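Quick notes on the structure that follows.
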Amino acid sequence: MSATNATTTANSATAVPTLCSETSGDIDADPLVLLHGWGMNLRVFDELVTVLAPHHRLTVIDLPGHGASPWNAHFTQSQWLAGVAKLLPPAATLVGWSLGGQLALQLASQPALAVRRLVLIATSPRFVQSTDWPAGLPAATLRGFAAQLERDAPRTIAEFLELQVRGSVDAAAVRTSLQQALQRHGVAHADALRAGLELLEHNDLRELARATNVPTLLIAGQYDRVTPPQAAQALLRLLPQAQLLQVPRAGHAPFLSHPGAVGTALLDFVRTDTRPQRSSTSTVAS
Numbered sequence: 024m025s026a027t028n029a030t031t032t033a034n035s036a037t038a039v040p041t042l043c044s045e046t047s048g049d050i051d052a053d054p055l056v057l058l059h060g061w062g063m064n065l066r067v068f069d070e071l072v073t074v075l076a077p078h079h080r081l082t083v084i085d086l087p088g089h090g091a092s093p094w095n096a097h098f099t100q101s102q103w104l105a106g107v108a109k110l111l112p113p114a115a116t117l118v119g120w121s122l123g124g125q126l127a128l129q130l131a132s133q134p135a136l137a138v139r140r141l142v143l144i145a146t147s148p149r150f151v152q153s154t155d156w157p158a159g160l161p162a163a164t165l166r167g168f169a170a171q172l173e174r175d176a177p178r179t180i181a182e183f184l185e186l187q188v189r190g191s192v193d194a195a196a197v198r199t200s201l202q203q204a205l206q207r208h209g210v211a212h213a214d215a216l217r218a219g220l221e222l223l224e225h226n227d228l229r230e231l232a233r234a235t236n237v238p239t240l241l242i243a244g245q246y247d248r249v250t251p252p253q254a255a256q257a258l259l260r261l262l263p264q265a266q267l268l269q270v271p272r273a274g275h276a277p278f279l280s281h282p283g284a285v286g287t288a289l290l291d292f293v294r295t296d297t298r299p300q301r302s303s304t305s306t307v308a309s
C-alpha cells in the first residue's frame, strides 16, 4: 500500500488542496476511488478495501479537513472537488458514501474527468426535506447537529454515529468500526464538520443527476435513518443509467454491516459495461 501525505498548500480562496490518499491493490487493474462521508475518514473503508483489492487498483481519499487532509477556512465546495479530481486516475469508477456520494456525482458530471462508473452508497441528491422532496431529513435535524457542534463536537459525532447504525444488523459492531476509524486516523476539523453540514443542507443535485449519463449502482440500506430508501428510489428515477441494490437489515453504512454482499455487488457491477435498465432494483440476502 502506498500513501500520499497531505500538505496545506491552500493559502487562498482559489488554491487546490492536496489531500491525503492511500493506494493499494492490483496496480494494473481498473481503478476504483473511494470517498467517505461526513465526519469520517478513509479508514472507514478498510474492510471493503480488503474485498476489492485483489481485483482493482484502489485509491481511498480523506476529504478536506478529515483524517489526515488539511483544512483551510477558505475552502469551498469547488475546492473540495478540485482536490479530489487531482487524485483521479483516468476512467475511474467513483465509489461515494453519503456526502462522498454527492461529491462523486458532481465529479462524474464533468466530462474532462472521464469517470467511467458511479457507485453511490447511502446517497441522496438532496439531504434536506422540502415540499417537493419528502425523502430527506428535516432541516431542523441538520441545524440541530450544527448547533450542537458549536457546543460539543465529540458528542455531536457520537450521536451521528448512533443515527448511522440505527436499524442495522450487528449495530454494535458497525458502531465499533466507525469509532475505530476515527481513533486510528483522526477526527475531522471542527470547521470542516461545519462546512460539510452546510453542503448537506444546501446541495440540491437533482437536475445534475438527470444530466449525468454514467452507469450507476445505487446501494441503499433498508433501515437507513440518514438517507431513507425512498431517496434512493427517487434518485434511481432521476439518473439516466442506474440500478438500485437494497440491502435488508442495513442502516446508513451497508458496506460495514454487509461487506461481503456489498463488495460482491460492486465487483459484479464493475465487471460489466452493459447499460442497466432505468428501473432496475434488486436486493441481497439478509
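So the sequence shown is numbered by my numbering: it starts at 24 and just counts up by one.
We treat Cβ as the ideally placed atom computed from N, Cα and C, and that holds for glycine.
The model shown is predicted, which means the values in this text are computed figures rather than measured ones.
Open item on the list: On the CB-based measure, 16 or more other CB atoms within 10 Å of its CB, does N236 come out buried or exposed?
Closed with: By one-based count along the sequence shown, residue 236 stands at place 213. Exposed, because fewer than 16 other Cβ atoms sit within 10 Å of the Cβ of N236.
Open item on the list: Taking the beta carbon of M311 as the centre, do at least 16 other beta carbons fall within 10 Å, making it buried, or is it exposed?
Closed with: Any question about residue 311 goes unanswered here, given that the chain covers just 24 to 309.
Open item on the list: If we require 4 or more residues per run, which alpha helix (DSSP H) segments fall completely within the stretch 235 to 266?
Closed with: As far as the stretch 235 to 266 is concerned, its whole alpha helix (DSSP H) runs of at least 4 residues are 252 to 261.
- [ ] Indicate the three-state DSSP secondary structure (helix, strand or coil) for P93 in the structure shown.
- [x] Your numbering for residue 93 matches position 70 in the sequence shown. DSSP places P93 in coil when its eight states are reduced to three.
Open item on the list: Between the alpha carbons of L165 and H212, how many angstroms are there, rounded?
Closed with: Reading the sequence shown from its first residue, position 142 is the one you call residue 165. Reading the sequence shown from its first residue, position 189 is the one you call residue 212. Cα to Cα, the separation comes out at about 18 Å.
TODO: Would you list the one or two residues that DSSP bridges to S132?
DONE: Position 109 of the sequence shown, counted from the first residue, corresponds to residue 132. For S132, which the question treats as bridged, DSSP gives no partner whatsoever.
TODO: Buried or exposed for T154, please, with buried defined as at least 16 other CB atoms from any protein chain shown within 10 angstroms of its CB.
DONE: Here residue 154 refers to the residue found at position 131 of the sequence shown. Result: exposed.
Open item on the list: Considering only their Cβ atoms, is the gap separating Q187 from A276 smaller than 8 Å?
Closed with: The residue given as residue 276 occupies position 253 in the sequence shown. The residue given as residue 187 occupies position 164 in the sequence shown. Cβ distance < 8 Å, so A276 and Q187 count as in contact.
TODO: Return the first residue and the last residue of the alpha helix (DSSP H) that S200 is part of.
DONE: Position 177 of the sequence shown, counted from the start, is the residue given in the question as residue 200. Looking at the DSSP string, the run of the alpha helix (DSSP H) that includes S200 is 194 to 208.
- [ ] Locate the alpha helix (DSSP H) running through G167, then write down its first and last residues.
- [x] What you label residue 167 is simply residue 144 of the sequence shown in a count that begins at 1. Its alpha helix (DSSP H) spans residues 162 to 174.
Open item on the list: Under 7 Å: does the beta carbon of T82 sit that close to some heavy atom of the ligand GDP?
Closed with: The ligand GDP is absent from the structure shown, which contains no ligand whatsoever.
Open item on the list: On the DSSP letters alone, give me the boundaries of the alpha helix (DSSP H) that S191 sits inside.
Closed with: Counting from one through the sequence shown, the residue named residue 191 turns up at place 168. In the DSSP assignment, S191 falls outside any alpha helix (DSSP H) and carries neither an H nor an E.
Open item on the list: Can you tell me whether G202 is buried or exposed? The criterion is at least 16 other CB atoms within 10 Å of its CB, across all chains shown.
Closed with: Locating residue 202 in the sequence shown gives position 179, where the first residue counts as 1. It is Gln, not Gly, that sits at residue 202 in the sequence shown. Exposed: under 16 other Cβ atoms inside 10 Å.
Open item on the list: Looking only at its chain, what residues have a beta carbon closer than 6 Å to the beta carbon of A196, apart from the 5 residues adjacent to it on each side?
Closed with: Residue numbering aside, residue 196 sits at position 173 when the sequence shown is read from its first letter. Excluding residues within five positions, none has a Cβ falling inside 6 Å.
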